[in-house]
Amino acid sequence: MSIPTIETSPQPYARLGGALYLAIILFGAFAEGFVTSKLIVGGDAVATARNILAEPGLWRLGVAVNVLVVLCAVPLLWIEFMLLRPVSKSLVLLALLLNVVSLAVEAVSKVFLLLVLPTLENTGHLSGLGSGQLPLLAGLALRSHDISFNIALIFFGGTCLLNGYLIRKSGYFPPVLGVLLQVAGAGYLVACCAALFAPALADMLLPGILLLPLVGESAFCLWLLIKGVNQQKWHERVHGPGTRALAVG
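Each residue of the sequence shown is one higher than the one before, starting from -3 at the first, in the working numbering.
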């Protein structure tokens, strides 16, 4: 039995993309909303180190989930590229490039998370620094993660702006999804640039501004998962006006 291509049957790909997107949202909510909020104490490296050492299993789980987010994002990136390619090959390639850069930087950011617990536990090799220095080194790794993750999200914000435009112009997705995704991208750009270059502004905007990406990405995710694409308009876009749908998903 041959596997249907996305040109003839886009619905399975759309729903797989929605499932991957939902996994990313849930994993991210767990890692950032539960593990990070429970273990990391802002501005207090010693308290953060104490919390992580008290619950190393939870910390490892949080790091593993962070890595899973990146792994799930790779096939999602490709599915989004395939779903939006019929709209504009040049713009979708630019969106793909921005997304690849975003994921590459985000993958590097997870290396810093992987260093935190070994740094705190490796007292034998780092004893010359003094035990009081270990929380500071772990805190530096956490800060490095935050910086690189914000940089990754700036590129991802650009991806959202382009993908949102392509969704609006596609005809086989509701235009409002594109608007919401573009608002999400703008939210990422403002929040991450503020976090990197204007901390006082970031303190005023965060975490409230992150509701914009949550709403925009969740809407697109659920639409992919539940509705997929308008197949008639998809086939008209891919195969030309007047083409009838070739498959039902």
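Quick reminder that beta carbons are idealized off the backbone N, C-alpha and C, glycines included.
Start and end residues, alpha helix (DSSP H) containing residue i
{"i": "aspartate 40", "result": "Premise fails: aspartate 40 is in no alpha helix (DSSP H) and is neither H nor E."}
{"i": "lysine 229", "result": "227 to 235"}
{"i": "glutamate 76", "result": "52 to 80"}
{"i": "serine 144", "result": "130 to 166"}
{"i": "glutamate 117", "result": "85 to 117"}
{"i": "alanine 20", "result": "Residue 20 is actually isoleucine in this sequence, not alanine. Where isoleucine 20 is concerned, the enclosing alpha helix (DSSP H) stretches over 7 to 24."}
Same chain, Cβ closer than 7 Å to residue i, five either side skipped, listed in chain order
{"i": "valine 112", "result": "Ile48, Ala134, Ala137, Leu138"}
{"i": "phenylalanine 193", "result": "none"}
{"i": "cysteine 217", "result": "Gly14, Tyr17, Leu18, Ile21"}
{"i": "arginine 81", "result": "Val88"}
{"i": "leucine 220", "result": "Ala10, Arg11, Gly13, Gly14, Tyr17"}
{"i": "methionine 209", "result": "In the sequence as presented, methionine is not what sits at residue 209; that position holds proline. Hits under 7 Å: Ala180, Gly183, Tyr184."}
{"i": "valine 63", "result": "Lys106"}
{"i": "leucine 173", "result": "Ile163, Ala215, Phe216, Trp219"}
{"i": "glutamate 51", "result": "Leu35"}
Nearest-angstrom beta carbon gap, residue j and residue i [assumed within contact, 8 Å]
{"i": "serine 98", "j": "leucine 162", "result": "That pair is no contact at about 17 Å."}
{"i": "arginine 233", "j": "serine 144", "result": "That pair is no contact at about 38 Å."}
{"i": "glutamate 102", "j": "valine 66", "result": "6 Å"}
{"i": "phenylalanine 169", "j": "valine 225", "result": "7 Å"}
{"i": "isoleucine 205", "j": "alanine 191", "result": "With a Cβ gap of about 10 Å, isoleucine 205 and alanine 191 do not count as contacting."}
Cα-Cα separation between residue i and residue j, rounded to whole angstroms
{"i": "valine 31", "j": "leucine 87", "result": "37 Å"}
{"i": "leucine 79", "j": "phenylalanine 151", "result": "20 Å"}
{"i": "arginine 11", "j": "leucine 176", "result": "19 Å"}
{"i": "valine 96", "j": "alanine 180", "result": "18 Å"}
{"i": "glutamate 117", "j": "threonine 44", "result": "14 Å"}
{"i": "leucine 158", "j": "alanine 91", "result": "6 Å"}
{"i": "leucine 35", "j": "phenylalanine 108", "result": "16 Å"}
{"i": "isoleucine 75", "j": "serine 140", "result": "30 Å"}
{"i": "histidine 231", "j": "lysine 223", "result": "16 Å"}
{"i": "aspartate 199", "j": "leucine 207", "result": "15 Å"}
{"i": "asparagine 146", "j": "serine 33", "result": "17 Å"}
Residues of its chain near residue i, where Cβ-Cβ distance is below 6 Å and the 5 sequence neighbours each way are ignored
{"i": "glycine 153", "result": "Gly181, Tyr184, Leu185"}
{"i": "glutamate 3", "result": "Val234"}
Contacts around residue i, its chain only, beta-carbon distance under 8 Å, and the 5 residues preceding and following it disregarded
{"i": "valine 37", "result": "Ala43, Thr44, Asn47"}
Suppose only complete runs of 3+ residues qualify. What are the beta strand (DSSP E) ranges in the segment 173 to 234, listed by chain order? none
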